[in-house]
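Report on one structure; see the data block that follows.
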Amino acid sequence: MNTSLAGAKTTEHEAPRLLLDTNVFRGLAIGRLQSYAHRLVEISKIRIPPLLWACEITVEELLNHIRVEEAADFAHFRAALEWMERLCGNAGMAETLPWILRHGAVATMGRHDDRFSATFNQLRRQVIKADRFEDLSIALLRNIATRRTRYLEQIDDWARYVKVSLREIQVRVKRSRLDAIAMSKKSVLHVSRVRAIEEAPAWGPLRSVKDQALAQRERIAFEAAQIFKVGGRTGYDPANHPTDYSDMWLCAYPAAGYTLVTQDGRLMEAMRHGRCKAPRIVDLEKGIAMAEAWLNR
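Put into structure tokens, the structure is as follows:
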């Protein structure tokens with residue numbers, strides 16, 4: 016890679032937007048991805064537009080571990096948040112999840128309010144400033160605990176809903192001529208269109224069904240993979256797979272122009288099982304190669 020980045024083109028619509036999964040930051044924190052560290056730091060030097068991104072999901076997943084019960088591992092999670100700060104900075108915080116979800120159905124989006132993203136940046140910096148767990152303020156720990164409780168409640172609600180809805184979908188698949196892929200597509204497109212119409216009618220026209228299906232193909236494939244797992248020999252209980260909650264929402268980000276960069280083989284496998292064509296979910300080596308190719312044009 017040419018490490019002289021001064022002449023790199025920075026036209027926003029041309030630049031890849033690489034959304035780093037939580038496992039990338041944690042891998043860097045423990046040194047498991049050390050061979051990629053220098054390349055990522057070089058890529059991160061481009062801040063306008065940022066090439067490397069985090070989102071509220073990845074921040075929440077790390078903050079959830081900042082608690083008394085895991086105080087012994089504080090250094091690890093602090094280091095992961097420090098890598099996030101180093102690579103993504105303030106500007107590399109993706110839009111809020113509701114904005115991302117609407118983008119899958121709406122053709123033209125309004126400007127995103129960055130104040131919500133600033134909150135996550137501030138929480139991250141407060142944790143990084145503490146050398147030890149004991150240095151964290153009571154107010155910060157209470158804030159994080161409140162967020163963690165709400166996050167876990169959302170996972171529980173999701174698990175109950177998904178368990179029932181997937182079994183209903185599976186029954187409908189058996190009774191109809193629609194296969195799991197078609198049923199998943201119908202479900203995802205319908206729900207996101209209804210929400211977009213209800214929540215943001217002033218943002219502009221909806222995408223065509225064809226364009227929406229293309230934009231949301233990773234989200235559709237993820238749900239289809241879940242349907243296949245429900246029908247498998249071992250079955251599928253979402254309550255036993257809480258990280259699927261985060262993965263499901265991460266699969267919505269490509270519709271807003273992001274490429275999800277992950278070291279999670281299960282997520283890659285879900286794209287294969289869900290028959291996603293040209294998924295915008297890649298491993299770290301490919302993600303870095305995308306950024307380097309853009310920088311060296």
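Read in order, the letters of the sequence shown are residues 16 to 312 in our numbering. Using N, Cα and C, we set each Cβ at its ideal position, and we do this for glycine too.
A contact between stretches requires three or more CB pairs, one per stretch, nearer than 8 Å, and the stretch 32-46 meets this requirement with the stretch 67-82. Under the three-state reduction of DSSP output, Pro113 falls in the helix class. With a minimum length of 4 residues, the unbroken runs of alpha helix (DSSP H) contained wholly in the stretch 29-115 fall at 37-44, 49-59, 71-78 and 89-103.
The Cβ-Cβ distance between Leu204 and Gln231 falls below 8 Å. The C-beta distance from Leu138 to Ala267 rounds to 22 Å, too long to meet the 8 Å contact threshold. Tyr273 has Arg32 as its beta-bridge partners, per DSSP. Glu71 is the residue among Ile81, Val142, Gly219 and Glu71 whose C-alpha sits nearest the C-alpha of Gly107.
Each residue's CA atom was taken as its position, placing Ala52 and Gln227 some 36 Å apart.
Residue range Val224 to Ala230 is occupied by the alpha helix (DSSP H) that includes Gln227. Here the alpha carbon of Ile153 sits roughly 22 Å from the alpha carbon of Ala95. Sequence-distant Cβ neighbours of Asp279 in its own chain, meaning closer than 8 Å and more than five residues away, are Asp36, Asn38 and Asp262.
Apart from sequence neighbours up to five positions away, the residues of its chain that approach Ala145 with a beta-carbon distance below 6 Å are Leu151, ordered along the chain. Counting along the chain, the unbroken alpha helix (DSSP H) around Leu282 starts and ends at Gly280 to His288. Within the same chain, Cβ atoms closer than 7 Å to the Cβ of Gln141 are found at Leu155, the five residues on either side in sequence being excluded. Look at Leu151 here: in three-state DSSP terms it is coil, with no helix or strand label.
For Ala293, the closest alpha carbon among the candidates Glu300, Leu299 and Met283 is that of Met283.
With distances taken between CA atoms, Thr258 lies nearest to Trp173 out of Phe148, Trp173, Phe89 and Ala69.
Here the C-alpha atom of Leu181 lies approximately 9 Å from the C-alpha atom of Tyr251. The C-beta of Asn136 has 16 or more other C-beta atoms within 10 Å across all chains shown, which makes the residue buried.
In the assembly as shown, Ile45 is an exposed residue. Its beta-carbon has fewer than 16 other beta-carbons within 10 Å. Here Tyr176 is exposed, its C-beta having fewer than 16 other C-beta atoms within 10 Å.
Each residue's CA atom was taken as its position, placing Trp309 and Ser132 some 26 Å apart.
According to DSSP, residue pairing for Val121 in a beta bridge involves Leu221. Residue Ala160 holds the alpha-carbon nearest to the alpha-carbon of Arg82 among Leu66, Asp298, Arg295 and Ala160. Distance between Gly104 and Leu34, taken at the CA atoms: about 13 Å. Closest in alpha carbon position to Ser202, among Arg147, Ala120, Thr164 and Arg165, is Ala120. Straight-line measurement puts the Cα of Glu85 at about 45 Å from the Cα of Leu221.
Its Cα nearest to that of Lys60, the residue Leu102 stands out among Leu102, Phe92, Ala30 and Ile184. Taking a C-beta distance under 8 Å as the contact criterion, Glu238 and Ser199 qualify as a contact pair.
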